[in-house]
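*Asks:* In terms of this note's numbering, the sequence shown is residues 393 to 698.
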Amino acid sequence: MTAQRHLTFSSPAARVQYALLMGLFRCAVTRGLYGRFARGLGKVFDPKNAVILHEAGAAPYRILLNDGYWTRFALYLAPYEPEVDSVLRAASGATPLFCDLGANMGYWTTRAAPLFERVIAVEASARTFERLRGNGGTLSNVTLHRAAIHASSGQVLTFVNTHLSHASARLMGDLPANAQDQTETVTTLAIDDLVPPGTAALIKLDVEGAEIAAISGAARAIAEGSVLIYEDHGNDPACTVSAHLLAQPGLSVYSSENGLIAMPDLATIRALKRDPFKGYNFVAAHMESPLLAQIIQSFAKSAKPR
């Protein structure tokens, strides 16, 4: 999804703001410093100023210019998470359903819509959900839910919108909110209540600390051949989510950064996680999953010299 990539702007002022961000981006030595730059400029300019990312075949993706997380990826010339894109493309045609769980503003929802018959996107934060609706709500094959993915459906939990980055929003759990964070209530949804029985779905799971609960609520879907794309963060040396998955009978874990490579143990996974500020994406499924077999086959074909 990287061909014919270009940007447009919501207004002439947004183009000026973007040009200033480009200069500040070159000066920022850390992600945190760049985030402060972006938020500071957002107080000077109209907070609705936006850059719109266009990529061939996908719906436009709107990013507010005061967003210190997503503007980094609009600024980069390199594609965003190409290892995820490669799995989506490998699964296209092999399953009718892609689930974007912890969808944020809908980047993968909009990228997946041309590749799958149905896309289900779930986001817990009310404010971020509205941006998700703006990016993907008009796509005919996309269904949106404002909910938190968890072990069972119907619970009401507290959700924390962190003040520095919407990408780090999370269920409260054992870690309390900071004074500047905002909290709200949200109802939970289990993956097994989203994925129809008998459907092996491709599921992208990015739920900021609730992964194990979410995986517990996907027992049937995984047993029926669904494939997970999940995040194991670089700041977790215990590889908590991967350890949980590798402990499940019959489950296999793979890296997709350089082809689809089996991860036999935690030491192999840990060795890949070199950046403590980065989330690393892995793939997990039952070894007998037909969808997994087709994804493996697609990767093998793409790796063959032509």
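Even for Gly, the Cβ is constructed at its ideal location relative to N, Cα and C.
Using beta-carbon positions only, say whether ALA466 and THR502 come within less than 9 Å of one another.
*Replies:* Here residue 466 is taken as the residue at index 74 of the sequence shown, counted from 1. Here residue 502 is taken as the residue at index 110 of the sequence shown, counted from 1. Their beta carbons are not under 9 Å apart, which means ALA466 does not touch THR502 by this criterion.
*Asks:* From the DSSP output, which residues share a beta bridge with HIS625?
*Replies:* Within the sequence shown, residue 625 is the residue found at index 233, counting from 1. The partner list for HIS625 (beta bridge, DSSP) reads GLY671.
*Asks:* Helix, strand or coil: how does DSSP classify TYR461 here?
*Replies:* Within the sequence shown, residue 461 is the residue found at index 69, counting from 1. Here TYR461 sits in coil by DSSP.
*Asks:* Within the same chain, show all residues whose beta-carbon is closer than 6 Å to that of GLY494, passing over the 5 residues directly before and after it, in chain order.
*Replies:* For this step, residue 494 is matched to residue 102 along the sequence shown. Answer for GLY494: ASP598 and VAL599, listed in chain order.
*Asks:* For a test of the three-state rule: what should DSSP assign to TYR410, helix, strand or coil?
*Replies:* Position 18 of the sequence shown, counting from 1, holds the residue named residue 410. Assigned with DSSP and collapsed to three states, TYR410 falls in helix.
*Asks:* Assuming ASP492 is part of the alpha helix (DSSP H), what are its boundary residues?
*Replies:* Counting from 1 along the sequence shown, the entry for residue 492 is found at position 100. No alpha helix (DSSP H) contains ASP492, which is instead part of the beta strand (DSSP E) from 489-493.
*Asks:* Name the residue from PHE669, ALA635, SER618 and THR422 whose alpha carbon lies nearest to the alpha carbon of HIS625.
*Replies:* As a position in the sequence shown, residue 625 is number 233, starting the count at 1. Out of PHE669, ALA635, SER618 and THR422, PHE669 has the C-alpha closest to the C-alpha of HIS625.
*Asks:* Do THR520 and MET497 have their beta-carbon atoms positioned less than 9 Å apart in this structure?
*Replies:* Sequence index remark: in the sequence shown, residue 497 carries index 105 (1-based). Sequence index remark: in the sequence shown, residue 520 carries index 128 (1-based). It is a contact, given that the beta carbons lie within the stated cut-off.
*Asks:* Just checking, does the region 645-654 make contact with the region 580-590 on the three C-beta pairs under 8 Å criterion?
*Replies:* no
*Asks:* Apart from the five residues just before and just after THR577, which ones in its own chain have a Cβ nearer than 8 Å to its Cβ?
*Replies:* Numbered from 1 along the sequence shown, position 185 holds the residue referred to as residue 577. VAL548, LEU549, THR550 and PHE551, listed in sequence order.
*Asks:* Using beta-carbon positions only, say whether THR580 and ALA543 come within less than 9 Å of one another.
*Replies:* Within the sequence shown, residue 580 is the residue found at index 188, counting from 1. Within the sequence shown, residue 543 is the residue found at index 151, counting from 1. Yes, the pair counts as a contact, with Cβ atoms nearer than the cut-off.
*Asks:* For the putative contact between ALA513 and LEU480, defined by C-beta atoms under 8 Å, what is the C-beta separation to the nearest angstrom?
*Replies:* What you label residue 513 is simply residue 121 of the sequence shown in a count that begins at 1. What you label residue 480 is simply residue 88 of the sequence shown in a count that begins at 1. In this structure ALA513 does not touch LEU480 by the C-beta definition: roughly 14 Å separates them, more than the 8 Å allowed.
*Asks:* Pick helix, strand or coil for LEU652, following the three-state DSSP scheme.
*Replies:* Numbered from its first residue, the sequence shown carries residue 652 at position 260. It is coil, neither helix nor strand.
*Asks:* For ARG523, collect the residues of the same chain with a Cβ closer than 6 Å to its Cβ; drop the 5 residues on either side in sequence, then sort them by chain order.
*Replies:* Counted from its first residue, the sequence shown places residue 523 at position 131. Excluding positions up to five away in sequence, the list reads MET497.
*Asks:* Check each candidate in ALA654, ALA676 and ILE653 and name the one with the smallest Cα separation from LEU637.
*Replies:* Position 245 of the sequence shown, counting from 1, holds the residue named residue 637. Ranking the options by Cα distance to LEU637, first place goes to ALA676.
*Asks:* Are at least three pairs of beta-carbons, each pair with one atom in the region 652-660 and one in the region 615-622, less than 8 Å apart?
*Replies:* No contact exists between the region 652-660 and the region 615-622.
*Asks:* Check PHE437 in the structure and name its three-state DSSP category.
*Replies:* Locating residue 437 in the sequence shown gives position 45, counting from the first residue. Here PHE437 sits in coil by DSSP.
*Asks:* With which residues is PHE401 paired in a DSSP beta bridge?
*Replies:* For the purposes of this step, residue 401 is taken as residue 9 along the sequence shown, with counting starting at 1. According to DSSP, PHE401 bridges with VAL443.
*Asks:* On a CA-only basis, which of TYR472, ALA442 and SER634 is nearest TYR499? Give me that one, please.
*Replies:* For the purposes of this step, residue 499 is taken as the residue at position 107 of the sequence shown. It is TYR472.
*Asks:* Excluding the 5 residues preceding and the 5 following ALA405 in the sequence, name in chain order all residues of the same chain whose CB lies nearer than 7 Å to its CB.
*Replies:* Here residue 405 corresponds to residue number 13 of the sequence shown, with the count starting at 1. Here the set comprises PHE437, ASP438 and ASN441.
*Asks:* ALA676 bridges to which residues according to DSSP?
*Replies:* One-based indexing of the sequence shown puts residue 676 at position 284. Per DSSP, LEU620 and VAL645.
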